[in-house]
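Report on the following structure.
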Amino acid sequence: MIEISLTAWQILVVKLLIILTVVPVGALVGGYVLHKEMAHMQHRLGPMYAGGWHGWAQTLADGIKFAYKEDIIPASADKRVFSLAPAVIFVPVLLLYLVIPIDRNLIVEDLDVGLFFLLAIGSVGSIGVLMAGWSSANKYALIGALRSAGQLIAYELPIVLSAAAVAMLAGTLSLVGIVEAQDWPFILWPPGLGLALFLLFLVGAMAEMSLPPFDMPVAESELITGPFTEYTGMRFIFGFFFAETAHMIVFAAIGTTLFLGGYKPIVPWGPLDVIPGVLWFFVKTSFMVFLLLWIRFSFPRLREDQLQKFAWKFLIPLSLVLILVTGAWILYGP
Amino acid sequence: MALDVDQRLEKARRPGFGVGLLKGMAVLLKHLFKRNDVIQYPEVKQDLSPRTRGVIALKEENCTVCMLCARECPDWCIYIDSHKETLPPKREGGRPRKRNVLDRFAIDYALCMYCGICVEVCPYDALFWSREFEYAEYDIRQLTHEKEKLSDWMSTVLPPIELEDGADIPGLPTKAISAASASPTVEATAASPANVTSSAAEARPEQAQTAPREASAATTSARPAETAPDAPTGPAPETAKEASGLAEEVKEQQMDAAAEPAAEPEVKRDTQGTVQAEGSQAEVEAKAESETPSAPESTAVTQTPPAMAPVPDQAPAATPTPTRPVPKLEDLEAPEDAYGRVLDEQTKAGSSPQVAEARAKVARVKAEREVTRAKAAASQDATPAPEPSGAPEATEPQPEQGPVAPTEEERGAGSAGPQEQTGAGSAGPQEQTGAGSAGPQEQKGTKGPND
């Protein structure tokens with residue numbers, strides 16, 4: 208970092224301010240990318256007017272529109288829980304950004320248990336979803352919340368196990384340590400195993416974020432918006448749209464960190480080292496976002512039972528096998 | 015793959031696990047980089063095809079308030095108001111003319127389903143398809159567009175497509191048909207413009223008077239159609255024009271028409287055309303007699319005969335067959351026989367694939383009828399041929415043909431092409447009854463030449 212003498216508190220405040228600006232801006236940009244990528248993949252143009260140039264301000268305009276909307280709390284809702292739920296969903300997403308190494312030294316807090324922190328905080332959001340669904344006093348919201356809870360439990364395991372395998376290979380839970388432990392060719396190493404773990408993580412992440420094809424909790428054709436059916440205005444934005452895009456970006460960043468070598472250049476070639484790690488991280492995260500959206504737009508929604516079967520009968524056994532293989536690789540590999 | 019049995023079976027048919035998923039993703043990726051075909055409408059306008067059916071435009075001066083469009087409209091979305099206006103006579107001693115004046119012509123585009131039947135059905139080319147399509151309104155009531163707006167859209171209507179070389183000119187009888195049923199055809203063309211100018215109901219008696227005379231002249235004028243295909247277009251439109259009340263021209267034209275066959279003495283005059291002419295003429299005259307009482311019409315009648323009188327006398331002088339064989343109903347040929355003979359003559363003049371095709375059709379229809387007739391005869395000797403089998407014996411169609419013969423023939427005459435011709439030939443009594451039940455005579459007559 209730049210050599211300015213600041214106290215630890217001051218540094219922390221600056222870092223938090225950066226996070227607090229980067230995350231919303233990232234979410235807005237992510238929302239725009241989502242609109243545009245989806246539109247073009249479906250042979251449309253997407254937003255073209257807001258802001259003038261190719262509708263660049265569309266998500267901003269959406270945000271302003273929602274900010275002006277009335278904040279309605281249903282009469283029979285549990286008001287305190289209802290009001291709190293969006294924050295319980297959104298704040299953990301913000302917290303996830305704290306431990307992700309954007310560059311070798313550019314990290315809010317390089318925790319020794321960074322990976323553990325990620326996985327633990329990442330699951331808190333499901334409590335918020337449950338709170339929202341339960342307090343809404345709405346059957347769609349409740350069913351959505353229960354689905355969401357079941358899904359998060361089912362898909363947390365593949366994520367945790369694949370992340371555990373990565374930690375085993377790196378020999379550390381520190382995210383900087385994990386990035387440092389990775390080397391060319393990143394996910395292709397160990398051969399096959401890296402890719403399998405990556406795919407496992409990808410599927411789990413998509414389910415955890417309730418992205419299609421795992422969006423049963425908010426299946427709009429059955430459940431309106433699931434747990435967010437009764438929400439309006441800013442609460443809806445923070446609990447649902449904002450959290451969704453911010454969540455997507457942070458999972459892309461986690462995937463980059465765990466599997467794609469984080470801030471390292473994609474090819475170990477001298478001249479490429481000149482490019483700052485932030486840029487590499489940005490490129491890789493963008494690719495991950497693109498990939499997540501691409502998968503999201505490609506596949507139709509699974510049925511609830513298919514989703515559960517897929518998790519419990521296929522993904523979790525697979526992840527256990529992969530843990531075994533990873534252990535074998537560490538013990539007997541080169 | 016711990017999935018459903020169905021899914022496993024489905025997978026077994028596929029190349030491999032996940033290949034389908036990847037294929038789906040590949041499709042999306044391909045579309046991401048494809049050129050986007052979206053036309054950003056308000057800024058960029060689509061290049062519509064020239065004859066796009068956007069909205070229906072009205073050419074107000076062509077509308078005669080015949081109400082056909084309003085009646086045919088499946089949605090009943092056309093509103094027409096009109097009043098009658100009396101025009102001073104064109105010549106001294108003539109009768110004052112009446113005509114319909116269009117007061118309101120509105121189409122409710124909130125109801126209109128753009129079927130285009132009104133455009134199709136309009137006999138006077140008053141309705142057209144326009145390419146205009148941007149006429150949305152904020153209020154559904156404003157979608158009822160009045161004739162001013164409809165007329166504005168006329169400026170966006172493209173001119174009609176040019177006819178091909180040698181095509182039948184719209185509004186004129188087709189060659190073969192004109193030959194087959196000479197008199198009624200020309201009568202039809204003659205009758206229609208009369209309606210264009212004068213209101214239908216008023217003009218009918220007079221028209222009925224002039225039309226048969228025209229028809230008798232037309233038998234002679236239309237005959238050359240068989241042998242010299244280019245000839246008949248000349249006299250035919252003029253005869254049409256005459257009937258609109260221009261008596262002087264009528265006279266001249268009659269002379270021309272009469273002179274025409276004289277120039278071609280080898281033209282054989284068959285009884286069929288004349289007989290039908292007589293039949294229809296007699297009928298229309300009878301009708302006219304019942305309707306003639308008003309004074310101006312009767313003067314018109316008395317004025318014209320001297321001019322017309324020589325025509326029938328002149329024509330037979332040139333042709334081998336004598337004048338006016340007595341129209342005996344029993345002597346009339348069955349329609350298919352008549353058409354068969356016409357086709358024979360046509361093939362003599364010069365055969366074409368269409369003629370051959372038409373001949374084949376006629377032959378087939380004839381054969382079918384023979385079969386049905388034979389069957390009917392075999393099954394029931396005592397009773398005459400059953401109705402549906404439609405043996406068009408001379409006696410059978412006649413009672414019906416009497417009142418409706420002109421209209422039926424006109425309809426056949428107006429529509430072009432060999433199919434139509436054989437269709438009319440083979441349809442027999444059904445066709446006739448259909449025509450008989452289909453509304454007033456003058457509208458039929460006018461419809462024919464225009465469609």
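Chains as they are written, first to last, in my numbering: chain S, 208 to 541; chain Y, 15 to 465. Backbone N, C-alpha and C define an ideal beta-carbon position, used for all residues, glycine too. None of these values were measured; they are calculated from a predicted model.
Cβ shell of residue i (< 7 Å), same chain only, five flanking positions each side left out
i      : result
S/M507 : Per the sequence shown, residue 507 of chain S should be read as Pro rather than Met. Around S/P507: P420.
S/L291 : M338
S/L380 : D319, V320, G321, L322, F323, A374
Y/L260 : Confidence is the limiting factor: at Y/L260 the pLDDT is only 45, short of 50, which leaves the residue's position unreliable, though a coordinate-based value still follows. Excluding sequence neighbours, Y/L260 sits near nothing in its chain.
S/F273 : G440, M441, F443, I444
Y/V79  : I94, S96, N114, L116
Y/A140 : L72, K73, N76, C77
Start and end residues, alpha helix (DSSP H) containing residue i
i      : result
S/V236 : 215-248
S/K520 : S/K520 -> no alpha helix (DSSP H), and no H or E assigned at all.
S/G384 : 382-388
S/T436 : No alpha helix (DSSP H) contains S/T436, which DSSP labels as neither H nor E.
Y/E162 : 161-166
S/A370 : 346-377
S/F323 : 321-329
Per-residue burial, residue i [other beta carbons within 10 Å of its own, 16 or more giving buried]
i      : result
S/M248 : buried
Y/C136 : buried
Y/Q54  : exposed
Y/E57  : exposed
S/N312 : exposed
Y/V33  : exposed
Y/F31  : exposed
S/W260 : exposed
S/I279 : exposed
Y/C129 : exposed
S/T214 : exposed
Y/W143 : buried
S/V306 : buried
S/P365 : buried
Residue closest to residue i, alpha-carbon to alpha-carbon, out of the options
i      : options                        : result
S/L267 : S/L235, S/G433, S/F458, S/L303 : S/L235
S/I444 : S/K222, S/F497, S/G238         : S/G238
S/A356 : S/R510, S/A370, S/W341, S/G477 : S/W341
S/Q515 : S/E427, S/A414, S/S505         : S/A414
Y/P173 : Y/A40, Y/G38, Y/A71            : Y/A71
S/A294 : S/F504, S/F435, S/L499         : S/F435
Y/Q60  : Y/R387, Y/Y152, Y/G107, Y/E146 : Y/E146
Y/C77  : Y/R118, Y/V19, Y/A124          : Y/R118
Y/R67  : Y/A377, Y/A388, Y/W167         : Y/W167
S/D269 : S/Y256, S/G534, S/I279         : S/Y256
S/I225 : S/S526, S/W519, S/L302, S/F297 : S/L302
S/R354 : S/V367, S/S333, S/L223, S/W519 : S/S333
S/V230 : S/K276, S/W216, S/Y304         : S/Y304
S/L325 : S/W501, S/L252, S/V300, S/P397 : S/V300
Range covered by the beta strand (DSSP E) that runs through residue i
i      : result
Y/S96  : 92-101
Y/S144 : 141-144
Y/V69  : 69-72
S/L498 : Run containing S/L498: none in the beta strand (DSSP E); it sits in the alpha helix (DSSP H), 484-505.
Y/K112 : 111-122
Contacts around residue i, its chain only, beta-carbon distance under 8 Å, and the 5 residues preceding and following it disregarded
i      : result
S/S283 : A344
Y/A309 : Any reading at Y/A309 must be qualified, since the residue scores a pLDDT of 40, below 50, and its modelled position is unreliable; no value is offered.
S/G401 : F393, I394, L395, F466
6 Å Cβ shell around residue i - same chain, five flanking residues per side excluded
i      : result
S/W487 : Y470, P472
S/G233 : I456
S/T492 : A459, A460, T463
S/G540 : none
S/L219 : none
Y/M127 : D89
S/P475 : W391
Y/Q457 : The predicted position of Y/Q457 is uncertain, since its pLDDT is 40 and thus under 50; a value taken from the coordinates is nonetheless stated next. Contacts found: none.
Y/A469 : Residue 469 of chain Y lies beyond the stretch modelled for chain Y, which goes from 15 to 465, so this question has no answer here.
Y/I154 : A124
S/Y362 : G411, A414, E415, A518
request  = Please name the residues in the segment 248-277 of chain S whose beta-carbon is closer than 9 Å to at least one beta-carbon of chain Y, in chain order.
outcome  = M248, Q249, H250, R251, L252, M255
query = If contact means a Cβ-Cβ distance below 7 Å, which residues of the segment 75-104 of chain Y contact chain S?
reply = none
Interface positions of the segment 491-511 of chain S facing chain Y (Cβ-Cβ less than 9 Å), listed along the chain = W501, I502, F504, S505, F506
Short-range partners of chain S found in the segment 44-65 of chain Y, where Cβ spacing is below 8 Å = H45, L46, K48, N50, D51, V52, Q54
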